[in-house]
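Student: Mind having a look at this structure? Questions to follow.
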Amino acid sequence: ESFLNRIELNNKNLNAFLEVYGDEAKQRAKEVDNKIKSGTAGKLAGMVVGIKDLLCYENHHSYAGSKILNTFKSTFSATAVQRLLDEDAIIIGRQNCDEFGMGSTNENSAYGPVLNFQNQSKVAGGSSGGSAVAVQADMCQVSLGTDTGGSIRMPAAFCGVAGLKPTYGKVSRWGLIAYASSFDTIGPMGKFVSDLDLVMEVIAGEDGNDSTLFETARNYTKTQKVAYIKEIVEHSSLQPEIKNAFFDRLEQLKSLGYEVKAVDFPYLEQLLPTYYVLTTAESSSNLSRFDGVKFGHRTQNPHNLIDMYKKTRSEGFGEEVKRRIMLGTFVLSADYFDAYYTKAQKVRRLIKDYTDTILKDCDFIISPTTSSTAYSIGEKTLDPIQMYLGDLFTVQANVTGLPAISIPMGNDDSGMPMGFQIMGKAFDEKQIVALSKELV
Ligand code: GLN
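Below, the structure written as structure tokens:
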């Protein structure tokens, strides 16, 4: 009830929740309470969770922040959502996001932007903006977001909360409405790293519905070595306060007994082009299923089948989604496939191998999560390239599939939150959590 009251008070302004399951959540809270009393409650008993609008939940709507899915109701629950329910979490509502997860500020939602609770003239970050603000404004304890290029970590940084992007292959993508399948991940956001840890224990692990999952038990030997990338801390876009706060963290790490070392990363300039060529290619393919036949919106009175496809998609998709479908279709077209798509796959491999080399010698690669704090609403919407540049520090984890967390790193002079990112070796979520706990 306390969370529902907070939603009642703040959601109209902030626009973090697109739908609130008030009565249902209260009913479930009663059931869980009885289970607690009888000693049969699950691991997440009473945890109040909000879910991003890209995740399917049986008999509930998922719009993916898009008009094209504005009548869609799922017949099944995403594995991650089902696992929360099985452990007695209470799902309180569906959270606003950029359309199909495509965006960095939540301004690409067909249902309006999400405002930052710290300063309502600023963006929440995206694409899991609703999920971040819901936690920031105490409208739920934990959110389930998704991260394809930074969509958990960037809004977490902009809103001063924690967010964990798991290793690709750790959490089932079954029931996640696909954006770029070889990059997409589902992960938790919250105020406390221990909550993220607990949720990860519940949602991770094998699932027959996602063939890219795998379990690994790596023998972990703590070397206490941490690397940071020179090209990132020297980057011209880095806000001075963020740089200073980051170097303070380096000192803190040293005083905790860590060896901190600067490394080169010669592929910084290649990260965003690689990411945007491959994710647009994958999204143009994934989004071809929204044709007016199977899901959601269908145009009225089309002349024929082709006309129905065209009108449905023209009406249903927003501008950014259309831009990406066109770009992705272009890089996959016969004449340009090798020059762009195949080339980007090769560069992805180089980036992965180089990153793994750094992580052979060190346990973690740390950086600021973003180069600046939250932008003003509308500041970057007219310039997509500027918008894409904001993802510079987060996409490496998705291009390589590695796990990464963003934790709060204080506020800048205007009071806006800054984020600290820790990327680890594959399947080292527990180690990332442990280091985060030492720092907060
Ligand atoms: N901002 C990035 C993009 O627009 C990341 C989105 C995401 O992680 N879903 O693709």
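In UniProt numbering, the protein residues as written are 27 to 466.
Quick reminder that beta carbons are idealized off the backbone N, C-alpha and C, glycines included.
Note that the structure is a prediction, hence the values are computed from the model and not measured.
(1) According to DSSP, is Tyr414 part of a helix, a strand, or is it coil?
(2) I need the DSSP call for Glu267, collapsed to helix, strand or coil.
(3) Can you say whether Gly156 is buried or exposed, counting buried as having 16 or more other CB atoms within 10 angstroms of its CB?
(4) Would DSSP call Arg199 helix, strand or coil?
(5) Alpha carbon to alpha carbon, what distance is there between His329 and Ile178?
(6) Would you say the beta carbon of Asp409 comes nearer than 7 Å to a heavy atom of ligand 1?
(7) For the structure I just gave you, are there three or more beta carbon pairs, one from the stretch 101-115 and one from the stretch 65-81, closer than 8 Å?
(8) Thinking Gln144 and Met442 are a contact (beta carbons under 8 Å), I'd like their distance in whole angstroms, please.
(9) Give me the Cα-Cα distance between Lys61 and Ala55, rounded to the nearest whole angstrom.
(10) Spatial neighbours of Lys337 within its chain, please: CB distance less than 6 Å, with the 5 preceding and 5 following residues excluded, ordered by chain position.
(11) Which residue marks the beginning of the alpha helix (DSSP H) containing Gly155, and which one marks its end?
(12) For the stretch 382-444, which segments carrying the alpha helix (DSSP H) assignment without a break, of at least 4 residues, lie completely within its bounds, in sequence order?
(13) How long is the line joining the alpha carbons of Glu257 and Gly416, rounded to whole angstroms?
(14) Got a sec, what are the start and stop residues for the beta strand (DSSP E) Tyr254 sits in?
(15) In whole angstroms, what is the alpha-carbon distance linking Arg199 and Ser262?
(16) For Ala370, which of Tyr380, Val357 and Leu95 has the nearest alpha-carbon?
(17) Does the beta carbon of Thr305 fall short of 7 Å from some heavy atom of ligand 1?
(18) What number of angstroms, rounded off, separates the C-alpha of Ile411 from the C-alpha of Leu313?
(19) What do you get for Thr399, buried or exposed, if any count of 16 or more other CB atoms within 10 angstroms of its CB means buried?
(20) Specify, as a first and last residue, the run of the alpha helix (DSSP H) that Leu294 falls within.
(21) Taking 7 Å as the cut-off, is the CB of Met128 close to at least one heavy atom of ligand 1?
(22) Suppose you measure from the CA of Ser393 to the CA of Gly445; what does that come to, to the nearest Å?
(23) If you measure from the CB of Tyr205, is any heavy atom of ligand 1 nearer than 7 Å?
(24) From Ile268, Asp223, Asp389 and Lys196, pick the residue whose C-alpha is nearest to that of Asp231; which is it?
(25) Sorted by chain position, which residues of the same chain lie with C-beta nearer than 7 Å to Thr395's C-beta, five sequence neighbours on each side aside?
(26) Would the beta-carbon of Asp223 be found less than 7 Å away from any heavy atom of ligand 1?
(27) In the DSSP assignment, find the alpha helix (DSSP H) that holds Gly342 and state where it starts and stops.
(28) Using a threshold of 7 Å, is the CB atom of Gly175 nearer than that to any non-hydrogen atom of ligand 1?
(29) Leaving out five residues before and five after Gly186 in sequence, what residues of the same chain have Cβ atoms less than 6 Å from its Cβ?
(30) With the cut-off set at 8 Å, would you say Met73 and Ser154 are in Cβ contact?
(31) Would DSSP call Leu358 helix, strand or coil?
(32) Considering Cα atoms alone, identify which of Val149, Thr306, Asp438 and Leu376 is closest to Asn270.
(33) Please classify Val373 as buried or exposed, where buried requires at least 16 neighbouring CB atoms within 10 angstroms.
(34) At 4 residues or longer, and completely inside the stretch 79-121: list those alpha helix (DSSP H) runs for me, N to C.
(35) Give a yes or no on whether the C-beta atoms belonging to Phe98 and Gly318 are separated by under 8 Å.
(36) Which one of Leu461, Val466 and Phe453 has the shortest CA to CA distance from Phe240?
Tutor: Concretely, from the data shown:
(1) Here residue 414 corresponds to residue number 388 of the sequence shown, with the count starting at 1. Tyr414 falls in the helix class under three-state DSSP.
(2) Sequence index remark: in the sequence shown, residue 267 carries index 241 (1-based). Note: Glu267 maps to helix in three-state DSSP.
(3) Walking along the sequence shown from the start, residue 156 turns up at place 130. By the neighbour-count rule (16 or more Cβ atoms within 10 Å), Gly156 is buried.
(4) What you label residue 199 is simply residue 173 of the sequence shown in a count that begins at 1. Looking at Arg199 - three-state DSSP - the assignment turns out to be coil, as it is neither helix nor strand.
(5) The count along the sequence shown starts at 1 and reaches residue 178 at position 152. The count along the sequence shown starts at 1 and reaches residue 329 at position 303. In this model, Ile178 and His329 are separated by some 42 Å (Cα to Cα).
(6) Reading the sequence shown from its first residue, position 383 is the one you call residue 409. No - ligand 1 has no heavy atom lying nearer than 7 Å to the Cβ of Asp409.
(7) Yes: the two stretches touch, three or more of their Cβ pairs being nearer than 8 Å.
(8) In the sequence shown, the residue the question calls residue 144 occupies position 118. In the sequence shown, the residue the question calls residue 442 occupies position 416. That belief holds up - the Cβ atoms of Gln144 and Met442 are roughly 6 Å apart, short of 8 Å.
(9) Start at 1 with the first residue of the sequence shown, and residue 61 comes out as number 35. Start at 1 with the first residue of the sequence shown, and residue 55 comes out as number 29. Straight-line Cα distance between these residues: approximately 10 Å.
(10) Position 311 of the sequence shown holds residue 337. The answer, listed in chain order, is Thr325 and Pro328.
(11) Along the sequence shown, read from residue 1 onward, the residue named residue 155 stands at position 129. Segment Gly155 to Gln162, the alpha helix (DSSP H) holding Gly155.
(12) Annotation: the stretch 382-444 contains the following complete segments of the alpha helix (DSSP H) (minimum length 4 residues), in chain order: 410-415 and 421-426.
(13) On the sequence shown, residue 257 is found 231 positions in, with the first residue counted as 1. On the sequence shown, residue 416 is found 390 positions in, with the first residue counted as 1. Near 15 Å, if we compare the C-alpha coordinates of Gly416 and Glu257.
(14) Numbered from 1 along the sequence shown, position 228 holds the residue referred to as residue 254. It spans Lys251 to Ile255 - the beta strand (DSSP E) in which Tyr254 sits, taken as one unbroken run.
(15) Locating residue 199 in the sequence shown gives position 173, where the first residue counts as 1. Locating residue 262 in the sequence shown gives position 236, where the first residue counts as 1. Arg199 and Ser262 have their C-alpha atoms some 36 Å from each other.
(16) The count along the sequence shown starts at 1 and reaches residue 370 at position 344. Ranked by Cα distance from Ala370, the options Tyr380, Val357 and Leu95 are led by Val357.
(17) Within the sequence shown, numbered from 1, the residue matching residue 305 stands at position 279. Taking the Cβ of Thr305 as the reference point, at least one heavy atom of ligand 1 falls within a distance shorter than 7 Å.
(18) Taking the first residue of the sequence shown as 1, we reach residue 411 at position 385. Taking the first residue of the sequence shown as 1, we reach residue 313 at position 287. The alpha-carbon of Ile411 is positioned some 22 Å away from that of Leu313.
(19) What you label residue 399 is simply residue 373 of the sequence shown in a count that begins at 1. When all chains shown are included, Thr399 counts as buried.
(20) By 1-based counting over the sequence shown, the position of residue 294 is 268. Looking at the DSSP string, the run of the alpha helix (DSSP H) that includes Leu294 is Leu294 to Asn312.
(21) Within the sequence shown, numbered from 1, the residue matching residue 128 stands at position 102. Met128 Cβ: within cutoff of ligand 1.
(22) Taking the first residue of the sequence shown as position 1, residue 393 is located at position 367. Taking the first residue of the sequence shown as position 1, residue 445 is located at position 419. One C-alpha to the other measures close to 9 Å.
(23) Counting from one through the sequence shown, the residue named residue 205 turns up at place 179. Distances from the CB of Tyr205 to the heavy atoms of ligand 1 include at least one below 7 Å.
(24) Counting from one through the sequence shown, the residue named residue 231 turns up at place 205. Strictly speaking, residue 231 in this sequence is Gly, with Asp absent from that position. Ranking the options by Cα distance to Gly231, first place goes to Lys196.
(25) Position 369 of the sequence shown, counted from the start, is the residue given in the question as residue 395. Only residues of its own chain outside the window of five on either side were considered, and among them Arg179, Met180, Ala183, Phe419, Thr420, Ser432, Gly445, Phe446 and Gln447 have a CB closer than 7 Å to the CB of Thr395, listed in chain order.
(26) Taking the sequence shown and counting its residues from 1, one reaches residue 223 at position 197. Not under cutoff, so the answer is no.
(27) Position 316 of the sequence shown, counting from 1, holds the residue named residue 342. Here the alpha helix (DSSP H) through Gly342 covers Leu331 to Gly342.
(28) Along the sequence shown, one-based indexing puts residue 175 at 149. True, at least one ligand heavy atom lies under 7 Å from that Cβ.
(29) As a first step, residue 186 must be located in the sequence shown, where it is residue number 160. If you ignore the 5 residues before and after Gly186, its C-beta comes within less than 6 Å of the C-beta of Pro434 and Pro443, all in its own chain and listed in chain order.
(30) Looking up residue 73 in the sequence shown gives position 47. Looking up residue 154 in the sequence shown gives position 128. Pairing Met73 with Ser154 gives a Cβ-Cβ distance that is not under 8 Å.
(31) For the purposes of this step, residue 358 is taken as residue 332 along the sequence shown, with counting starting at 1. For Leu358, the secondary structure class from DSSP, reduced to helix, strand or coil, is helix.
(32) If you number the sequence shown from 1, residue 270 lands on position 244. Checking every option, the nearest Cα to that of Asn270 belongs to Asp438.
(33) Stepping through the sequence shown from its first residue, residue 373 is reached at position 347. In this structure Val373 is buried. Its beta-carbon is surrounded by 16 or more other beta-carbon atoms within 10 angstroms.
(34) As far as the stretch 79-121 is concerned, its whole alpha helix (DSSP H) runs of at least 4 residues are 105-112.
(35) Within the sequence shown, the letter at position 72 stands for residue 98. Within the sequence shown, the letter at position 292 stands for residue 318. For Phe98 and Gly318, no; Cβs fall outside 8 Å.
(36) To locate residue 240, count along the sequence shown from 1; it is residue 214. Nearest C-alpha to Phe240: Phe453.
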